[in-house]
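Numbering of the sequence shown is given in this note's numbering, commencing with residue 14 and proceeding in unit increments.
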Amino acid sequence: MEAWISLSDPKYQEKISEHVNNLYQLKERIDEGEFPVFTKENKVLTWDFSTAPLGKQPDGTSLFITMAKDTTERKKAERLLKEQERWLKESQRVGRIGSYNINLQNWTWTSSEIFDEIFGIDETFDKNMNNWLKLIHPDQLEELRTYFDDIVGNRESFNKEYKINRQTTGEERWIWSHGEVNYSDTGEPLTMIGTIQDITERKYSEYQIEKSLALVKATLESTADGILVVNNEGKIMEHNQKFAKMWNIPEHIFTSQSDEKAINYILNQLKKPDLFVSKVMELYANPDATSFDTLEFIDGRIFERYSKPLRINDDSMGRVWSFRDVTEPRIVEQSLKKTQLLLKSTIESARDIIIMAIDTSYRYLNFNHAYWLLMKSVYNVEITPGMNLLDFVHSEEDIQRFKPYYDRALHGESHSQIEKFSDGDYYETFYNPIVNEDDETIGATAFSINITDKKKAEAELIQAKELAEENNRLKTAFLHNISHEIRTPMNAIIGFSELLCDEEIGPDERGKYAGMVFQAGEQLLSIITDIINIATIESGQVKINQHQVNLNQALKSILMQFQMTADQKQIELRQSTPVQSRDISLVTDEIKLIQILTNLIGNALKFTESGYVDFNYRINEMYVEFHIEDTGKGIPEELQEKIFERFQQADSNISREFGGAGLGLAISKAYIELLGGRIWLKSEPGKGAVFTFTIPYIHPDILSEKETTETSEKLKNDVLTILVAENEEYSFLLLKSMLPDYRLIRASDDKDTLRILRANPAIDMVFFDVNLKEDNEDESIKRIKAFRPKLPVLALTSYGQNNQWDRIHTKGFDEYIKRPFRKEDIISRLKKFVK
């Protein structure tokens with residue numbers, strides 16, 4: 014054993030002896046490790062030793078077996094591998110290249126130190142795929158996901174530039190990554206091994222280059238000249254769009270980059286193509302030469318051609334050609350004399366333009382015929398050049414008025430003045446000095462233009478602007494007010510409707526709540542009606558429907574309408590008529606007349622806190638004159654005209670205190686004027702107001718009272734059967750409740766309507782739900798009329814304005830009933846069709 018130990022390196026002999034002693038004591042296998050040994054040739058080898066006990070001899074001596082394996086070559090390979098790893102790590106550090114290995118089965122990965130340094134991660138960073146994705150810049154995350162799926166699906170290499178955010182600092186960096194995916198025998202991706210390189214500096218350099226190139230390109234494109242750059246080999250390096258447009262060269266020639274093709278393409282445009290080519294060849298033969306010449310085109314254009322060598326440092330790289338279209342300047346130069354002659358002719362022929370020129374002594378140098386006529390008409394003198402202006406002006410007032418204008422011009426000042434002439438026209442006169450080549454003032458000119466139309470237009474524009482601003486202010490105030498006005502009744506409708514759904518409330522409360530819903534609905538309907546009415550008025554679509562009106566009966570109805578309001582406010586509401594013994598009738602639009610009176614009486618009650626409201630009328634041969642008097646707030650005189658305008662009220666606080674959209678009086682005034690009358694008022698603040706309006710008195714023929722009575726009785730006694738084509742059940746139920754004396758049948762759609770009509774010939778009338786924005790009901794009406802041509806068909810519509818009736822009638826309807834439904838309105842419509 015000692016001899017064997019002596020073969021080992023002296024540095025390891027003590028350690029080997031220690032291992033042997035341990036073996037004797039433990040009596041089990043020991044892997045002693047690798048140790049250097051010496052051969053007979055004195056070579057140093059590396060052996061791997063392993064010793065194990067075999068038992069004992071008969072004499073009690075222990076036996077061991079030792080195995081030794083020569084690992085010299087393996088150790089050399091390991092040392093070489095470590096050296097290569099060291100060089101790889103160093104090269105990665107210098108080149109800023111990191112490496113990675115991704116396990117595509119569990120999406121974990123390992124990476125080199127340089128990789129970690131580039132990504133800003135440390136040994137505590139959990140290297141899973143979610144954390145890798147967090148390092149990728151958000152702008153490119155989805156792009157990278159798609160790209161990775163594509164290269165795996167197509168079995169391609171990963172080769173991509175993208176941005177990351179370093180984990181420690183959040184700094185944005187650019188990297189280039191190359192990787193190869195390894196697949197299983199079944200095609201399943203297993204791993205991806207690759208490298209990444211920090212290319213941030215390179216990308217920044219590329220950006221700077223692109224920026225510089227973009228600046229050069231922008232400069233080329235911004236110039237008015239056509240630019241062409243050609244290198245020494247005759248290859249087109251750059252051009253701007255102006256050059257292509259000037260020469261009308263197609264893009265494929267620039268794509269070929271052939272200067273020769275470009276020259277051949279443009280030669281047929283020139284008057285002297287041979288001279289053009291010879292100049293090009295001359296300059297290509299002399300790279301340092303510069304040139305300027307003029308090119309004439311067959312179509313009359315003229316180009317200036319400039320050429321300079323292109324140099325980088327001291328090396329000639331090619332030539333820059335610059336072309337400038339000077340056709341217009343040359344044409345201008347050629348036509349200058351013609352223009353001067355034309356100007357002289359224009360000066361002489363102008364009627365609303367007065368032109369004259371004087372020297373420093375006020376002697377005439379020139380003038381046009383209009384100025385000659387002016388002097389003839391005002392001072393009765395026929396002037397000629399050389400005469401002195403001041404010799405003909407005898408009025409000291411005139412001299413003091415206009416002489417300073419000329420003096421300012423003679424002192425070198427250009428200015429203008431606007432004056433109104435005796436005939437009412439406005440003229441603007443421009444005074445300018447006349448200077449010679451030495452910049453000395455040698456005279457002055459006066460150029461007067463009739464600007465009467467301009468002044469009128471300016472005044473109208475100012476007035477329109479003020480009106481528009483006022484309208485805008487009023488509309489803004491109206492919108493603020495109307496939003497409150499609509500929300501208030503809507504709040505009541507929604508709130509009390511919700512309470513009505515409570516089954517526990519008693520009949521008294523239920524009736525009270527229902528009344529409040531109805532009242533709020535009436536208020537909301539009134540607001541919406543006002544808005545629709547004013548829009549209809551402004552669009553000019555209001556039509557007058559005149560028929561016989563019982564005036565006393567209408568006023569009595571209005572009195573009953575407002576009596577409760579007056580009683581609640583403890584105000585005396587008075588209505589008087591000039592004739593008590595008989596009814597007074599006239600022909601007018603009853604609906605509009607009642608709306609006018611309702612607006613005026615409603616306003617009077619609204620703004621009267623105590624006293625009375627009185628309304629009456631009187632009749633003369635031509636007009637009926639109505640008076641509405643109250644003892645309310647009164648209206649200041651300065652607002653008595655404005656309150657008839659849209660959105661206006663006598664006080665800006667009125668809408669907050671009393672509500673209202675400020676449209677009632679505007680609508681009333683418009684309706685009165687449409688009916689052929691007018692309205693005015695008298696009022697003092699605090700003393701109330703009297704509104705007076707007139708409408709034409711048109712006496713009707715006396716209708717047969719018997720006929721009217723019979724018609725009414727017939728309507729009461731006949732039981733009509735009405736088919737209601739209505740898809741909303743609640744609308745049908747409402748109609749059924751309003752018409753309890755009639756038999757109503759419901760049809761849910763068009764087909765159902767025709768089916769029921771065919772099965773029930775006793776049906777007297779059809780109510781048909783329509784929407785004027787659609788035309789799908791046209792065919793149904795045609796089928797109904799084809800089947801029952803004399804059957805009255807009434808449209809149920811929300812579009813109840815007069816201008817809509819023509820559209821409803823053209824669809825085949827005989828009459829319409831507008832929403833929201835009112836029993837009186839429905840009955841009045843039914844009267845027309847009682848047989």
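By construction, the Cβ of each residue, glycine as well, lies at the ideal position given by its N, Cα and C atoms.
- Looking at the DSSP output, residue 122 shares a beta bridge with 115.
- Cα atoms of residue 145 and residue 163: separation of roughly 19 Å, rounded to the nearest angstrom.
- For residue 794, the enclosing alpha helix (DSSP H) begins and ends at 791-800.
- With distances taken between CA atoms, residue 766 lies nearest to 796 out of 453, 548, 796.
- With a threshold of 16 other beta carbon atoms within 10 Å, residue 623 falls short and is exposed.
- Within the same chain, and ignoring the five residues on either side of residue 191 in sequence, the residues whose Cβ sits closer than 6 Å to its Cβ are 172, 207, 208.
- In the same chain as residue 150, and ignoring 5 residues on each side of it, the C-beta atoms closer than 8 Å to its own belong to 175, 176, 177, 178, 185, in chain order.
- Residue 212 sits in coil when the DSSP states are folded into three classes, being neither helix nor strand.
- About 5 Å separates the beta carbon of residue 590 from that of residue 565, a gap short enough to meet the 8 Å contact definition.
- Taking C-beta atoms as the reference points, residue 334 and residue 226 fail to come closer than 7 Å.
- Close CB contacts of residue 262 within its chain, under the 8 Å cut and outside five residues either way in sequence, are with 256, 275, 278, 279 (chain order).
- Of the residues 166, 286, 187, 284, the one whose Cα lies closest to the Cα of residue 152 is 187.
- Taking 7 Å as the cut-off, the beta carbon of residue 563 is found closer than this to the beta carbon of residue 598.
- In the three-state scheme derived from DSSP, where H, G and I count as helix and E and B as strand, residue 483 is classed as helix.
- Bridge partners of residue 241 according to DSSP: 252, 334.
- Pairing residue 567 with residue 529 gives a Cβ-Cβ distance that is not under 7 Å.
- Leaving aside the five residues that flank residue 627 on each side, the residues in its chain whose CB is nearer than 7 Å to its CB run, in chain order, 587, 642.
- A check of alpha carbon separations from residue 168 across 143, 196, 182 identifies 196 as the nearest.
- The DSSP-derived three-state label of residue 626 is strand.
- Check the Cα spacing between residue 270 and each of 247, 282, 289, 804: the tightest is with 247.
- Using a Cβ-Cβ distance cut-off of 8 Å, the stretch 517-533 and the stretch 568-578 are not in contact, since fewer than three pairs of beta carbons, one from each stretch, lie closer than that value.
- If you draw a straight line from the Cα of residue 135 to the Cα of residue 237, it is about 58 Å long.
- Residue 73 sits in coil when the DSSP states are folded into three classes, being neither helix nor strand.
- Residue 382: member of the alpha helix (DSSP H) spanning 382-392, first to last residue.
- Counted as a single uninterrupted DSSP element, the beta strand (DSSP E) harbouring residue 561 occupies residues 560-563.
- Look at residue 704 here: in three-state DSSP terms it is strand.
- Taking a contact to require three or more Cβ pairs closer than 8 Å, the stretch 204-224 and the stretch 307-318 do not qualify as touching.
- Bridge pairing for residue 693: 705 [DSSP].
- Using a 10 angstroms sphere on the CB of residue 577, the tally of other CB atoms stays under 16, which defines it as exposed.
- When rounded, the separation of the alpha-carbon atoms in residue 372 and residue 455 is 6 Å.
- Take residue 732, set aside five residues on each side of it, and the residues of its chain with a beta-carbon closer than 8 Å to its own are 754, 755, 756, in chain order.
- In this structure, the CA atom of residue 392 is about 7 Å from the CA atom of residue 405.
- Separation of residue 839 and residue 538 (C-alpha to C-alpha, rounded to the nearest whole angstrom) is 18 Å.
- Note on geometry: alpha-carbon atoms of residue 739 and residue 758 lie some 10 Å from one another.
- A distance below 7 Å separates the beta carbons of residue 366 and residue 462.
- Given a length threshold of 4 residues, each whole run of the alpha helix (DSSP H) inside the stretch 255-303 is given here in chain order: 264-269, 272-279, 286-298.
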